[in-house]
Amino acid sequence: MLHALIRGHDDTVPGFPFAPSGWQPSDAEKMATEQGIELSAEHVETLRALQEYFFRHDKPGVIIRELHDALDERFHGRGGMKYLYRLFPGGPVAQGCALAGLPVPPGAVNKSFGSVQ
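Residue numbers 1 to 117, in the numbering used here, belong to the letters of the sequence shown in order.
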(Lines of atoms letter the chains of each structure in order from A and count residues from 1; the text may use other names and numbers.)
(Lines give C-alpha, C1' and ligand atoms only; values in the text may rest on other atoms or scores of the structure.)
Protein backbone atom coordinates (compact mmCIF):
# COMPACT_ATOMS: atom_id res chain seq x y z
CA MET A 1 0.00 0.00 0.00
CA LEU A 2 2.77 2.46 0.91
CA HIS A 3 4.44 1.72 -2.42
CA ALA A 4 1.23 2.59 -4.26
CA LEU A 5 0.91 5.86 -2.36
CA ILE A 6 4.44 6.86 -3.27
CA ARG A 7 4.26 5.72 -6.88
CA GLY A 8 1.04 7.55 -7.71
CA HIS A 9 1.62 11.23 -8.20
CA ASP A 10 -0.21 14.05 -9.85
CA ASP A 11 1.98 16.24 -12.04
CA THR A 12 -0.98 18.48 -12.89
CA VAL A 13 -0.95 20.37 -9.58
CA PRO A 14 0.60 23.75 -10.46
CA GLY A 15 3.83 24.33 -8.56
CA PHE A 16 3.89 20.79 -7.15
CA PRO A 17 5.28 18.46 -9.85
CA PHE A 18 5.66 15.53 -7.43
CA ALA A 19 2.34 15.84 -5.59
CA PRO A 20 0.73 12.55 -4.55
CA SER A 21 -2.44 11.62 -6.42
CA GLY A 22 -5.50 13.38 -5.09
CA TRP A 23 -3.54 15.92 -3.03
CA GLN A 24 -4.18 19.65 -3.45
CA PRO A 25 -2.44 22.65 -1.83
CA SER A 26 -5.79 23.54 -0.26
CA ASP A 27 -5.59 20.25 1.68
CA ALA A 28 -2.31 21.39 3.25
CA GLU A 29 -3.68 24.87 3.95
CA LYS A 30 -6.72 23.48 5.75
CA MET A 31 -4.69 21.01 7.81
CA ALA A 32 -2.07 23.65 8.66
CA THR A 33 -4.75 26.10 9.81
CA GLU A 34 -6.22 23.40 12.05
CA GLN A 35 -2.74 22.93 13.54
CA GLY A 36 -2.17 26.65 14.06
CA ILE A 37 0.32 27.07 11.22
CA GLU A 38 0.08 29.76 8.57
CA LEU A 39 1.73 28.35 5.45
CA SER A 40 4.47 30.55 4.03
CA ALA A 41 6.67 30.19 0.97
CA GLU A 42 9.20 28.40 3.21
CA HIS A 43 6.60 25.83 4.26
CA VAL A 44 5.59 25.26 0.65
CA GLU A 45 9.22 24.76 -0.36
CA THR A 46 9.57 22.10 2.33
CA LEU A 47 6.38 20.34 1.20
CA ARG A 48 7.74 20.27 -2.36
CA ALA A 49 11.05 18.86 -1.09
CA LEU A 50 9.25 16.09 0.81
CA GLN A 51 7.07 15.21 -2.17
CA GLU A 52 10.11 15.09 -4.44
CA TYR A 53 12.03 12.92 -1.97
CA PHE A 54 9.19 10.37 -1.81
CA PHE A 55 8.87 10.38 -5.59
CA ARG A 56 12.60 9.88 -6.20
CA HIS A 57 12.98 7.24 -3.47
CA ASP A 58 10.18 5.05 -4.75
CA LYS A 59 10.51 2.01 -2.51
CA PRO A 60 8.19 0.20 -0.09
CA GLY A 61 9.41 2.10 2.95
CA VAL A 62 11.21 5.37 3.46
CA ILE A 63 14.01 5.14 6.00
CA ILE A 64 13.42 7.94 8.47
CA ARG A 65 17.11 8.65 9.06
CA GLU A 66 17.82 9.02 5.33
CA LEU A 67 14.89 11.42 4.93
CA HIS A 68 15.98 13.39 8.00
CA ASP A 69 19.53 13.69 6.65
CA ALA A 70 18.30 14.66 3.17
CA LEU A 71 16.18 17.48 4.62
CA ASP A 72 19.04 18.63 6.85
CA GLU A 73 21.35 18.76 3.84
CA ARG A 74 18.83 20.47 1.54
CA PHE A 75 18.15 23.24 4.06
CA HIS A 76 21.65 23.39 5.55
CA GLY A 77 22.26 26.95 4.38
CA ARG A 78 19.30 28.15 6.44
CA GLY A 79 20.07 26.18 9.56
CA GLY A 80 19.07 22.65 8.57
CA MET A 81 16.79 20.85 10.98
CA LYS A 82 16.70 23.77 13.45
CA TYR A 83 15.24 25.92 10.69
CA LEU A 84 12.72 23.21 9.76
CA TYR A 85 11.60 22.70 13.37
CA ARG A 86 10.78 26.42 13.53
CA LEU A 87 8.53 25.93 10.51
CA PHE A 88 7.05 22.61 11.66
CA PRO A 89 6.91 22.45 15.47
CA GLY A 90 5.28 19.01 15.20
CA GLY A 91 8.41 17.77 13.44
CA PRO A 92 9.52 18.46 9.87
CA VAL A 93 9.15 14.79 8.91
CA ALA A 94 5.97 13.89 10.81
CA GLN A 95 4.06 17.14 10.37
CA GLY A 96 5.62 17.96 7.01
CA CYS A 97 4.70 14.60 5.48
CA ALA A 98 1.14 14.85 6.77
CA LEU A 99 0.74 18.33 5.24
CA ALA A 100 2.35 17.17 1.98
CA GLY A 101 -0.16 14.34 1.65
CA LEU A 102 2.47 11.68 2.24
CA PRO A 103 2.51 8.72 4.61
CA VAL A 104 4.35 9.52 7.82
CA PRO A 105 7.32 7.12 7.97
CA PRO A 106 7.43 4.65 10.85
CA GLY A 107 9.45 6.04 13.73
CA ALA A 108 8.69 9.69 12.99
CA VAL A 109 6.39 9.94 16.00
CA ASN A 110 7.02 8.54 19.46
CA LYS A 111 3.60 8.33 21.10
CA SER A 112 5.11 8.51 24.59
CA PHE A 113 7.16 11.61 23.79
CA GLY A 114 5.78 13.33 20.71
CA SER A 115 7.45 14.02 17.41
CA VAL A 116 11.00 12.78 17.19
CA GLN A 117 11.57 13.80 13.56
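The beta-carbon is built from N, C-alpha and C at its ideal position, and this holds for glycine as well.
Non-local C-beta neighbours of residue 67 in its own chain, meaning closer than 7 Å and more than five positions away in sequence, comprise 53, 93, 105, ordered along the chain. Check the Cα spacing between residue 48 and each of 98, 108, 77: the tightest is with 98. Look at the segment 61-89 and you find these whole runs of alpha helix (DSSP H), each 4 residues long or longer: 64-74, 81-87. Shown here, residue 92 sits in coil according to DSSP, grouped into three states, outside any helix or strand. The shortest CA-to-CA distance from residue 65 to any of 13, 22, 107, 30 is the one to 107.
With a cutoff of 7 Å on beta-carbon distance, residue 87 and residue 34 are scored as not near each other.
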